[in-house]
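Okay, structure first, notes after.
Number of protein chains: 2
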Amino acid sequence: MNHLYLCETNPRCEKQVSYQEVKMSKGLPKRSEDYSLWYNELVKRADLAENSPVRGCMVIKPYGYSIWEKMQAEIDRMFKETGHTNAYFPLFIPKSFFSKEADHVEGFAKECAVVTHYRLKNDPDGNGVVIDPDAKLEEELIVRPTSETVIWSTYKNWVQSYRDLPILVNQWANVVRWEMRTRLFLRTTEFLWQEGHTAHATKNEAVAESIQMMHVYAQFAEEFMAMPVIRGIKSESERFAGALETYCIEALMQDGKALQAGTSHFLGQNFAKAFDVKFTNKEGKLDFVWGTSWGVSTRLMGALIMAHSDDQGLVLPPKLAPIQVVIVPIYKSEEQLAEISEKVNGIVKALRAEGITVKFDDRDTYKPGFKFAEWELKGVPVRLSMGPRDLENNSIEIARRDTGEKEFFNLESDLAQKISGLLDEMQTNIYNKALSFTETNTTSVDTYDEFKKVLDDQGGFVSAHWDGTAETEDKIKEETKATIRCIPLDAKEEEGQCIYSGKPSSKRVLFARAY
Amino acid sequence: MNHLYLCETNPRCEKQVSYQEVKMSKGLPKRSEDYSLWYNELVKRADLAENSPVRGCMVIKPYGYSIWEKMQAEIDRMFKETGHTNAYFPLFIPKSFFSKEADHVEGFAKECAVVTHYRLKNDPDGNGVVIDPDAKLEEELIVRPTSETVIWSTYKNWVQSYRDLPILVNQWANVVRWEMRTRLFLRTTEFLWQEGHTAHATKNEAVAESIQMMHVYAQFAEEFMAMPVIRGIKSESERFAGALETYCIEALMQDGKALQAGTSHFLGQNFAKAFDVKFTNKEGKLDFVWGTSWGVSTRLMGALIMAHSDDQGLVLPPKLAPIQVVIVPIYKSEEQLAEISEKVNGIVKALRAEGITVKFDDRDTYKPGFKFAEWELKGVPVRLSMGPRDLENNSIEIARRDTGEKEFFNLESDLAQKISGLLDEMQTNIYNKALSFTETNTTSVDTYDEFKKVLDDQGGFVSAHWDGTAETEDKIKEETKATIRCIPLDAKEEEGQCIYSGKPSSKRVLFARAY
Chain A
1009 MNHLYLCETN
1019 PRCEKQVSYQ
1029 EVKMSKGLPK
1039 RSEDYSLWYN
1049 ELVKRADLAE
1059 NSPVRGCMVI
1069 KPYGYSIWEK
1079 MQAEIDRMFK
1089 ETGHTNAYFP
1099 LFIPKSFFSK
1109 EADHVEGFAK
1119 ECAVVTHYRL
1129 KNDPDGNGVV
1139 IDPDAKLEEE
1149 LIVRPTSETV
1159 IWSTYKNWVQ
1169 SYRDLPILVN
1179 QWANVVRWEM
1189 RTRLFLRTTE
1199 FLWQEGHTAH
1209 ATKNEAVAES
1219 IQMMHVYAQF
1229 AEEFMAMPVI
1239 RGIKSESERF
1249 AGALETYCIE
1259 ALMQDGKALQ
1269 AGTSHFLGQN
1279 FAKAFDVKFT
1289 NKEGKLDFVW
1299 GTSWGVSTRL
1309 MGALIMAHSD
1319 DQGLVLPPKL
1329 APIQVVIVPI
1339 YKSEEQLAEI
1349 SEKVNGIVKA
1359 LRAEGITVKF
1369 DDRDTYKPGF
1379 KFAEWELKGV
1389 PVRLSMGPRD
1399 LENNSIEIAR
1409 RDTGEKEFFN
1419 LESDLAQKIS
1429 GLLDEMQTNI
1439 YNKALSFTET
1449 NTTSVDTYDE
1459 FKKVLDDQGG
1469 FVSAHWDGTA
1479 ETEDKIKEET
1489 KATIRCIPLD
1499 AKEEEGQCIY
1509 SGKPSSKRVL
1519 FARAY
Chain B
1009 MNHLYLCETN
1019 PRCEKQVSYQ
1029 EVKMSKGLPK
1039 RSEDYSLWYN
1049 ELVKRADLAE
1059 NSPVRGCMVI
1069 KPYGYSIWEK
1079 MQAEIDRMFK
1089 ETGHTNAYFP
1099 LFIPKSFFSK
1109 EADHVEGFAK
1119 ECAVVTHYRL
1129 KNDPDGNGVV
1139 IDPDAKLEEE
1149 LIVRPTSETV
1159 IWSTYKNWVQ
1169 SYRDLPILVN
1179 QWANVVRWEM
1189 RTRLFLRTTE
1199 FLWQEGHTAH
1209 ATKNEAVAES
1219 IQMMHVYAQF
1229 AEEFMAMPVI
1239 RGIKSESERF
1249 AGALETYCIE
1259 ALMQDGKALQ
1269 AGTSHFLGQN
1279 FAKAFDVKFT
1289 NKEGKLDFVW
1299 GTSWGVSTRL
1309 MGALIMAHSD
1319 DQGLVLPPKL
1329 APIQVVIVPI
1339 YKSEEQLAEI
1349 SEKVNGIVKA
1359 LRAEGITVKF
1369 DDRDTYKPGF
1379 KFAEWELKGV
1389 PVRLSMGPRD
1399 LENNSIEIAR
1409 RDTGEKEFFN
1419 LESDLAQKIS
1429 GLLDEMQTNI
1439 YNKALSFTET
1449 NTTSVDTYDE
1459 FKKVLDDQGG
1469 FVSAHWDGTA
1479 ETEDKIKEET
1489 KATIRCIPLD
1499 AKEEEGQCIY
1509 SGKPSSKRVL
1519 FARAY
């Protein structure tokens, strides 16, 4: 008999209903029935984020933000280990800056928030406040959608000689892109991100930097997010506006759609030329500086959620879980709680000494059954529970979130060591599960009919030959909604024929329907 | 003879002049001659920040940002230790939200950046891009000057029962206030800050929270910034727009002007009422929630710089120095450098093992004299240098930034222990120096003549009796430019007469001219 039945009481039995209870009162929709609804509900109910009163902007809630903080900490460490430092550039960009790089203005300036005034005044008719027409800006300011322009206009003053290079700078910032259709984390009008902007004396160095940062992103995704990714190069039409080459990492979500998780751009001398950033090289000659930029955003939160979670809620890889272990006491009397707490306090201490983050959920305002469901929804990797029988048996129940498996553990053995090993095992297991999913859902096809059938029946990545033209790419996108996610870095040289045009092709590229 | 003269060569002797050299080629202005110019030049030349192409907005440069990161890390840790978590709320606030709290709109909405459009288009006349008149927002959006309104509109959905309280949330964010006269770090149109916003079931709890956060700020200022502060309460006219009480910390700068370094507000039920945030209390009755908000900003960088620095440059307290120890090799041949480097590598390792951040400045593109001046300007607490004679003597030269003292240290003793002790001593010394300055420049006066004389001759804090009316406060401000910085928490009950009106007063308040 499972001792947990003791307390599977109705969580709504109390008079004062709390926000938590309202939120938990319905189960999640199933992925198989409505993946999109499942995602939205999960994000809200697991306290990750919610829509704000401002169209397209989200509120990142404390629990969601604490996961983002863990991501930030690891990414920031990896940046610093590769020689980068952080800085901060202005939120606003003068409108004229965008016009300086032709592709860039096409790609970005058109869907941006525009600041036109700097003052409000009391409405003469008494209806609150209105814009003060006397406070119109001479030149409109754009809320940054990305910061290449303002940063390169700054670098102009930082660079005179080769001795001022390289500049290896990153910033953590908010950016705004006026999206018409938004989804929490995946596509929001305002989002948080980091944007690296580097300047180099040689082309080779800049190319190497942009490739290095793609690998940094891939390593982060695989090692911390437990999310396998494909490393590759974007086709010309999917390239960043203003770049000569865009490197990317692409991941597969459980509904078979791909998600671009990070990009790194080799900018050539485009922005240096647009903002006149020259330096004297070792030979004493003037040359334009070479540039890169690279970024990941709160979109990674969306990827993390969609890559691993299930119908019960979030599944978090232990390395990014803000709470790795939750301990729930099961008791009927205050005396029992006191006995359990005493034992649990020792356990908490031992786990923390191993570097494990633990929460003892001794709230007396909620029942154990409610707590179990809440921590399951929130994806805490390991749940420990201790009840009266455990006290008798000197045991504790261990439940792991990824597989749902439970076991009783005798406390005469070393629990901290056990949990530490279990967390490692779970990290690997979650990665392997996602890897196996990605592999199973990557299909090589050689005809357009096969291509369409795989997309419709199974989804996933479709590996196919392509003739390298934007026309074919556009036609395929128009007819199937699939885009070229990337030309994988490890694509083999292989003679073939484009599935659409029949023209010759030397390697396969990865197509998918994508977020 | 000082062996450093070996290399005090002209830093401009090379052909390719770098940005560093241009920046270093002139000395700093003196504080005694032009304090304001000294500050501006120091901020720019020490690579802390510079003006951006966007009016009133600054670029925080990598070195400046690394100091801000150290501040953030400590403050964030202190917030978490007091039970707070981070979250993120939108950059934009609908205009109508401001009108909901009458004092707040008066205080903030009027000098804000206003977003009116969400799209640009190609200029039909071919001159870059222009606003698309079809993309006008129905309701203008304000770029947040502070987030009480958007946060309380969100809290409304988070709170139903007393069990949802307290909410202890902080956010790290950028905010915009359209300042007419700006100064790097001290007053900029955009700045970085944290804003805590908490919600409580009782008045007492909210008051206690706002007082607690004032003490957290004071502890941070004194322990990490080595900057003594006065803890106090603002007079009604200096209170935050929408608060019932504002607690603050005030510090004295070297020019005798005061600087408000942090504020914590007890908001009463003002924002709960404005946004209809009610909860069911333990007795089952509906009540409005009690609130607080509190913040510190990149203004702290200005305070840190002005509190301790000298005519040679920045003086950083060791606890906030991104580089605590710099090691400069002095050599004539590659062989000498190799010998020195080998020895230095061991030292670097030993210092890092003690948790000390060290930089070995082995750039071959700059001479030692140039490096000495650069690290002095940048405020690195300890400079070690090793030359050929040191190799012979198994010694190293230690120079401390705060006092300028130098000594030779025999490497047979434990250098790491020595430096570790020295850094602690310097942290204390810098604090004590600032404390002594603050004490020396705090004057009690009993007449208005004395008051004016002290303000003009010496500056600093002036402790005086005040009748408690806004009229008197305004008159004094108008006539002397001094404002009431705060009513100190530790002010003694003492019968006296207002220096201006002669009316009775029960305690002294602190006046000063302020930033």
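Read top to bottom, the protein sequences are chains A and B.
So the first sequence is residues 1009 to 1523, counted in the numbering used here.
So the second sequence is residues 1009 to 1523, counted in the numbering used here.
Heads up, the beta-carbon is just placed ideally off N, CA and C, and yes, glycines get one too.
A straight-line Cα-Cα distance of about 33 angstroms links Lys1489 of chain A and Leu1099 of chain B. At least 9 angstroms separates the beta-carbon of Phe1445 of chain B from that of Glu1258 of chain B. The Cβ neighbour count for Gly1240 of chain B, taken over all protein chains shown within 10 Å, is at least 16; the residue is labelled buried.
Unbroken beta strand (DSSP E) runs of no fewer than 3 residues, entirely contained in the region 1278 to 1365 of chain B, are found at 1286 to 1288, 1294 to 1296, 1298 to 1305 and 1333 to 1337, following chain order.
When DSSP reads this structure, Ala1057 of chain A sits in a beta bridge with A:Ile1068. With the criterion set as a beta carbon lying under 7 angstroms from some beta carbon of chain B, the members of the region 1052 to 1084 of chain A are Ser1060, Pro1061, Val1062, Cys1065, Val1067, Ile1068, Lys1069, Pro1070, Tyr1073, Ser1074 and Glu1077, in sequence order.
If you look at Glu1413 of chain B, you'll find it isn't in any alpha helix (DSSP H); DSSP assigns it neither H nor E. With its beta carbon less than 9 angstroms from one in chain A, Ile1139 of chain B belongs to the interface. Not one beta carbon of chain B lies nearer than 9 angstroms to the beta carbon of Asp1422 of chain A. For Met1261 of chain B, the three-state secondary structure derived from DSSP is coil. Across the region 1379 to 1390 of chain B, no CB contact with chain A closer than 8 angstroms is found for any residue. Contact between Lys1069 of chain A and Asp1055 of chain A holds, since their C-beta atoms are separated by about 5 angstroms, short of 8 angstroms. By the criterion of a C-beta distance shorter than 7 angstroms, Leu1463 of chain B is surrounded in its chain by Val1470, Thr1488, Ala1490 and Arg1521, once the five residues flanking it on both sides are discounted.
Under the DSSP definition of a beta bridge, Arg1191 of chain B partners with B:Arg1195.
When DSSP states are grouped into helix, strand and coil, Thr1451 of chain A belongs to the strand group. Its Cα nearest to that of Asp1498 of chain A, the residue A:Lys1515 stands out among A:Cys1120, A:Gly1504 and A:Lys1515. The C-beta of Gln1028 of chain A has 16 or more other C-beta atoms within 10 Å across all chains shown, which makes the residue buried. Under the three-state reduction of DSSP, Tyr1126 of chain A is assigned to coil, being neither helix nor strand. In the DSSP assignment, Ala1381 of chain B falls outside any beta strand (DSSP E) and lies within the alpha helix (DSSP H) extending over Pro1376 to Leu1385.
Of A:Glu1486, A:Phe1283, A:Tyr1523 and A:Thr1477, the smallest CA-CA separation from Gln1505 of chain A is found for A:Thr1477.
Taken in chain order, the complete alpha helix (DSSP H) segments of 4 residues or longer contained in the region 1123 to 1171 of chain B are 1156 to 1166.
In the structure shown, Ser1509 of chain B falls within a coil segment according to DSSP collapsed to helix, strand and coil. Across the set B:Val1123, B:Ser1317, B:Ala1121 and B:Asn1130, the C-alpha of B:Asn1130 shows the shortest separation from the C-alpha of Glu1114 of chain A.
By the neighbour-count criterion, in which 16 or more other beta carbons inside 10 Å mark a residue as buried, Glu1502 of chain A falls on the exposed side. In the assembly as shown, Ser1026 of chain A is a buried residue. Its beta-carbon has 16 or more other beta-carbons within 10 Å.
Interface annotation, Gln1168 of chain B: in contact with chain A, CB-CB separation under 9 angstroms.
For Glu1503 of chain A, there are no neighbours in chain B by C-beta distance under 9 angstroms, as the nearest C-beta there is about 44 angstroms away. The three-state reading of DSSP puts Arg1521 of chain B in coil, since its state is none of H, G, I, E or B. Three or more Cβ pairs closer than 8 angstroms define a contact, and the region 1421 to 1431 of chain B falls short of that threshold against the region 1369 to 1386 of chain B.
Comparing alpha carbon positions, the residue from A:Val1122, A:Arg1053, A:Leu1050 and A:Asp1319 closest to Lys1038 of chain A is A:Asp1319. Cα atoms of Lys1103 of chain A and Ser1060 of chain B: separation of roughly 14 angstroms, rounded to the nearest angstrom.
Three or more beta-carbon pairs separated by less than 8 angstroms link the region 1273 to 1285 of chain B to the region 1158 to 1171 of chain B, which places the two stretches in contact. For the region 1117 to 1128 of chain B, the residues whose beta carbon sits under 9 angstroms from a beta carbon of chain A are, in order, Ala1117, Lys1118, Glu1119, Cys1120, Ala1121, Val1122, Val1123, Thr1124, His1125, Tyr1126, Arg1127 and Leu1128. Within chain B, the residues whose beta carbon sits less than 8 angstroms from that of Leu1149 of chain A are Val1062 and Ala1121, listed in sequence order.
When CB distances to chain B are screened at a threshold of 8 angstroms, the residues of the region 1093 to 1113 of chain A falling below it are Thr1093, Asn1094, Ala1095, Tyr1096, Phe1097, Pro1098, Leu1099, Phe1100, Ile1101, Pro1102, Lys1103, Ser1104, Phe1105, Phe1106, Ser1107 and Val1113, in chain order. At the C-beta level, Ile1313 of chain A and Trp1383 of chain A stay beyond 9 angstroms of one another.
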